[in-house]
Every structure is written in structure tokens, then in C-alpha cells.
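Protein chains in written order, with our numbering: chain A, 374 to 649; chain B, 195 to 618.
Rendered as C-alpha cells:
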């Protein structure tokens, strides 16, 4: 491969940054053009990042989702994928302003982590591992989106209750569509997370010889899973919706982030040992 | 070629005067015919709506035409000329253009940004054009006014926000519910403004409407009027479990619905959002209702607040629109000035001379070194051809033809004398 994939990564990082800047300015002064520019930046960054991942795959022969650098970038990639899908499907105003920051911060932290492509340790050379990681981050990306939409809901709900009906209020989507999307995203993320945990358990059994070892990562994944299970439960049985669910989906995503970064960086866990 | 506007509108005349001088229905045809037959009037468009009666003409001599038109209006409608003069405004030149652009862009409307006026202006112009009462100036001015109005609508948010209480309620409902056509509404009590809000909701496509009132006969009556369902007053709380929007205006001196009532309702409707609009004074809905999750309550003052914000917003947007109008007047003036013969003759001459110089140089270049005499002959040949070719158009442009503007416009277009191609 003559073209160095590192440049692709930097380019997509730059494009995401451009999208982030435009999406934040959009909060204060937005037109159809600014939103189009923002989506073009995000889409271009997404294409380059996809190319980067493909090149790494071809170079190394395994999906580039092993090291923390790769997983953080993959996490961002999943988020942007879901964002672009929602943007084209629903064309909600200002969605990017609430999700691009998360995607960009993930990419930025990925860029600061060691990037070298080490040969995959034999323990990770299992298709169950690929499935485990892929499902986990697709699910997490759905939760990230649900969190962004939850924030939008809370702002819009506050505006309506407080009768602040100008500026951002005019441009944010209506409450029903936000609540509905929040529900759909969590209904998408929850089974993905469930399957990720199951595939992780299967992989652990084959690779480590035990299903569950109460490792901090496992514990936090379980906590995250319980939070989202609770959200779906109260929605379906007690008819919770709107503000309370929006708050819970923000709490849930905080747990996701802690499971991903906090456990790796703060607590020495089996997962992080394998990655580094 | 002078644009002239004479008219009266809601700012200068009361409705009694406006209705007297309106050119409605079958009056429009004879009036337009007479207008363009007035001495010095070349083209004419009459715009007659309930808020304004305005006459746009291309006047040879604005001062005398102004008088002619005023006499014509007073004569046509048998209105005393002196009293008419008090209500009439007159704009000439740039101000006339500005006026037409502002009217089209709804900057001159009673409710700034209301969309009907553009359609009315289009109709008035279409009528005049189809009956051959318009020419170079009016066609250009009206088309430009329509395009300015479109620019204003696209580039500003002048028409975006509701400026009446009943519309504001619909606008808010759209921020709570995704698809209003799947929602149902309840009208609790009656009252002019509440009924208006209900009507707006029906126009917005609300799925169904039910009506509840203390007196059942009135309730049935209103239900028929709205094509809705009557609900007994004792049962409205149960009914509230099934509706999404409640417009309340009962005339009761105290709160009719309390927070605890709505708490029960919300439990029964599994927290599906509900929007209360309390139009009654004194209020009928306990303001504490707004504290409940998924419940949104707006009273008259809140709605008025929304309207005030929107009016403020429209004012800001109107300033942007005025800037667009001013910019476009500049463009229009350029075109108008270009219709003057002298600069056109000069421009034509310059274009021809440039070509002559260019081609002579090329020819001499090809011949290589040649004697002075040959060069002189070639130069004079080119010179004479150009002069002879330019003589007739120049003479025509300098002449005193009545349709000179058309000629100037034609010459400029044929020879492409305007760097920016004339848009149609």
C-alpha cells in the first residue's frame, strides 16, 4: 500500500472538526446552507475514515477494532454512521450540533492513543471477539445518539415549559419526534448490547476458559445494560416518556462512556490489559 | 419613462374611504381602460384590495399625470377631489419603485409578512398585462417586484412566525406533536377567540374535535358547527383522557380544572403529552398544571408573549428585507438609466470602435510591413464600414420616437451592451 492510512485518519479527524465547528455555530445562527455544509464535512470525514479502516483491514487481515485507538475511532465511526442515516431519513434540525461533539471527542482521543498496528494476540483472534466489539460499539453509538437527542429534548421541553419560544426553540425539532427517536435508538441499542455481552461471554469461555469473571469492565457493562433495561421497562410498563426518559438516557450514556474509557484508564482491568 | 404610484392604503385612509374608491369586480376593466387613455399615461396597473387601492403607471410627465389620475379617480368614483387628496399618497421615481417592491414583499402590509399581498399584486399585473395595458417599464418593474418578494421570503424569516394568538397556539402544538393530523382536540366552553383557535386547528388538519359546554344545547350547536362530537360537561374530564389538545374558555370565575384532575388524566393516558390552551379570563385552568410532566399549559398572556416575540422577530427581519429592497432598487435604477439614449449611443460606439481597432490591427499584422498608403486605405475602409453601419441605429436612438425606450432596450439587448445579461 503506497498511501499511508495515517493521513486518511488525520484528514477525517480534520473534517469531523470542521463539521463540529459548523454544527456549533449553527446553534447560534443557522441556515439551510450551514446545515448542508456541516453534513458534507461529516459525510466526507466518514468516507475517508471508512477508507482508512478498509486499508487497515487489508493490511493486517483483521478488523481494526482491537487497540483502544482503533476502538475509539470505530465508536466515532458508528456514531457518524447513525447520525448520517438519521439526517437523511428525518432531516431534523440541529441534530449534528448535539452529536458531532461526541463523535469528534472520540476521534480526538483516538488520535492521541498509540496507533501502531501490532499483530493481534492469539487470544483476540476469534470471530466471536470481532462480533463482540462490533455489536458493542454499534449499540453504544445508538446510545450516544439517544443521549444527544435526550439533551435536545430537555432543552426543547424547558423552552416550552418556560415559554421561551424564540431562537433555538424555533429550530429544534418537536418533542414527539425527539421522544420517539430516543425510544427507537434505545430499542436498537439494547438488543445490540445484549448480543455483545452474550458474544463476549461465549468468547471469554473459549479464550479464557470462564464465562464471567466479575472484571470491572464486565461489571460496568452489566450496570449499563441494567440502566437501559430499566429505561425500556419503565417506558413499556409505567408509560414513562419525555423528560424522565431523556434524563435516564443521558445517565445511561455516561455509564457507557465510563465503561469504555473510565474502566480502561482508571481501573486496571483484564480488558484493558489485552488492548494495550 | 417615469414610474409613478398614486394610491391610498390602511395607513393613509379609513376603511370608509378605501371602500369608496375600490376598483373591485366589474369596475376594474373600464377603470384600467380609462387610466391608460389619460394623456401622458403609457402603461397602467391597478391594485385594489381591502387594504389598499393603488395605481401604478408609466408617466411621461409625472406632475401633470398625477393631476390627471387624481381627477380620474375622483370622477370615476364620484368622490370629492379635495377629500380624496387628503388620503392619497404619491410616489415618483425611486420612491415609486421602492413602494412597489415593499408592497410585493409585504413590508407595507398591516400585518408585516402576510403572504396574500404578493398573489394580489400578481393578479393585478396579470390582468393588466393580458389586456395589453403594460409595456417595457411595468413588465420589468412588476416582474422585478415579484422576484424581490421571493428573495425577501427566502432570505429572511419575515413570514415564519405566527402573529395572532390563535395561530400561535397552532404553532406551539406543532412543537409538541409531530403530526397534528393524528391528534384530536377538545373545545371546552366557548368564546370568540377559543372558537378561532379551534378553527385554526381544524384547518391545520387535526383528526377530530369534540366540544363540551355547560349548557348541552349550546354544546350540540357548536359541535355541529365544528363537525365535532358533543360531550356532556360532567364527562369532559373522562374525555380528556383521549384528546391531545384542549382549548378552554368557559367563562367560569374560578379554576375549572385543577392539577390533581390532570394528574389522574395523565395516569389514564399513560403520560401521552397533552397541550392546554387557556384562553379564558379569568383563567379556568390551574397554572400549576404546567408543572406536570408531559403537560403544557399556555394562557392568554403566554400566547400574547409568543405573539410579541414573533412581532419583534418580524421587525428585525423586516429591516433585513428593507436592505434587500434598497439593493434591488439600485439594480433597477441601473437598468432604467440604461434606457436613456445617450449612454446607449456612446456604448454602441465604443463597442464598434473596439472591434474596428482589433480587426484592423489583425489585418495589418497579416499583411506584414506595408507602405503608409495601404495602411491608410485599410484604416479608412474599416472606419467607413463601421460608421455607415452605425448611422441608422444612432440616428434612430437620437430621434424623437414615442417608443424610444423600447428601441433603446432592443439595441442594448441585440448588441449585448450590458455586461450583465438582462434577465427576464
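C-beta: ideal position from N, C-alpha, C; glycine also. Being a predicted model, the structure only gives us computed values, none of them experimental.
Run of the alpha helix (DSSP H) containing residue i, from where it starts to where it stops
i	result
residue 442 of chain A	441-463
residue 368 of chain B	359-370
residue 407 of chain A	405-433
residue 213 of chain B	209-214
residue 558 of chain B	535-561
residue 568 of chain B	566-592
residue 232 of chain B	Element bounds for residue 232 of chain B: n/a, residue is neither H nor E.
residue 556 of chain A	548-581
residue 531 of chain A	500-535
Cβ of residue i within 9 Å of any chain A Cβ
i	result
residue 499 of chain B	yes
residue 601 of chain B	no
residue 618 of chain B	A caution first: residue 618 of chain B carries a pLDDT of 34, below 50, which makes its placement in the model too unreliable to give a value.
residue 266 of chain B	no
residue 615 of chain B	At residue 615 of chain B the pLDDT is 42, less than 50, meaning the model places this residue with poor confidence; the figure from the coordinates comes in the next sentence. No, residue 615 of chain B does not count as interfacial toward chain A.
residue 314 of chain B	no
residue 523 of chain B	no
residue 371 of chain B	yes
residue 490 of chain B	yes
residue 503 of chain B	yes
residue 487 of chain B	yes
residue 212 of chain B	no
residue 366 of chain B	yes
residue 569 of chain B	no
Residue i, enclosing beta strand (DSSP E) - first and last residue
i	result
residue 469 of chain B	468-472
residue 619 of chain B	Outside the displayed range of chain B (195 to 618) lies residue 619 of chain B, so it cannot be described from this structure.
residue 236 of chain B	235-242
CA nearest to the CA of residue i, picked from the options
i	options	result
residue 464 of chain A	A:485, A:545 and A:414	A:545
residue 533 of chain A	B:538, B:348, B:398 and B:365	B:365
residue 227 of chain B	B:216, B:219, B:239 and B:218	B:239
residue 395 of chain B	B:415, B:414, B:371 and B:411	B:371
residue 389 of chain B	B:374, B:377 and B:359	B:359
residue 611 of chain B	B:544, B:471 and B:254	B:544
residue 397 of chain B	B:409, B:548 and B:361	B:361
residue 576 of chain B	B:591, B:328, B:198 and B:557	B:557
residue 481 of chain A	A:627, A:513, A:617 and A:393	A:393
residue 203 of chain B	B:233, B:280 and B:224	B:280
residue 357 of chain B	B:537, B:504 and B:492	B:504
residue 454 of chain A	A:429, A:439, A:418 and A:488	A:418
residue 385 of chain B	B:572, B:407, B:506 and B:245	B:407
residue 638 of chain A	A:431, A:442, A:434 and A:407	A:442
CB contact below 9 Å: residue i versus chain B
i	result
residue 646 of chain A	At residue 646 of chain A the pLDDT is 45, less than 50, meaning the model places this residue with poor confidence; the figure from the coordinates comes in the next sentence. By this cut-off, residue 646 of chain A is not an interface position.
residue 538 of chain A	yes
residue 527 of chain A	no
residue 550 of chain A	yes
residue 590 of chain A	no
residue 581 of chain A	no
residue 382 of chain A	no
residue 629 of chain A	no
residue 401 of chain A	no
residue 612 of chain A	yes
residue 616 of chain A	yes
residue 547 of chain A	yes
residue 603 of chain A	no
residue 471 of chain A	no
residue 447 of chain A	no
residue 542 of chain A	yes
residue 533 of chain A	yes
Residues bridged to residue i [DSSP beta-bridge criterion]
i	result
residue 426 of chain B	B:407
residue 493 of chain B	B:472
residue 200 of chain B	B:249 and B:284
residue 442 of chain B	B:382 and B:472
residue 402 of chain B	B:378
residue 625 of chain B	For residue 625 of chain B there is no data in the structure shown, the boundaries of chain B being 195 and 618.
Nearest-angstrom Cβ-Cβ length linking residue i and residue j, presumed shorter than 8 Å
i	j	result
residue 442 of chain B	residue 483 of chain B	Actually they do not touch by this definition, with Cβ atoms about 11 Å apart.
residue 526 of chain B	residue 338 of chain B	6 Å
residue 251 of chain B	residue 267 of chain B	Actually they do not touch by this definition, with Cβ atoms about 12 Å apart.
residue 473 of chain A	residue 396 of chain A	5 Å
residue 470 of chain A	residue 400 of chain A	5 Å
residue 467 of chain B	residue 621 of chain A	Their Cβ separation, rounded to whole angstroms, is 18 Å, which puts residue 467 of chain B and residue 621 of chain A out of contact at 8 Å.
residue 283 of chain B	residue 206 of chain B	5 Å
residue 318 of chain B	residue 198 of chain B	Between residue 198 of chain B and residue 318 of chain B the Cβ distance is about 16 Å, and since that is not below 8 Å, they are no contact.
The ligand NAD heavy atom lying under 8 Å from the CB of residue i
i	result
residue 268 of chain B	Summarising the ligand content, the structure contains no ligands, and the ligand NAD is consequently not present.
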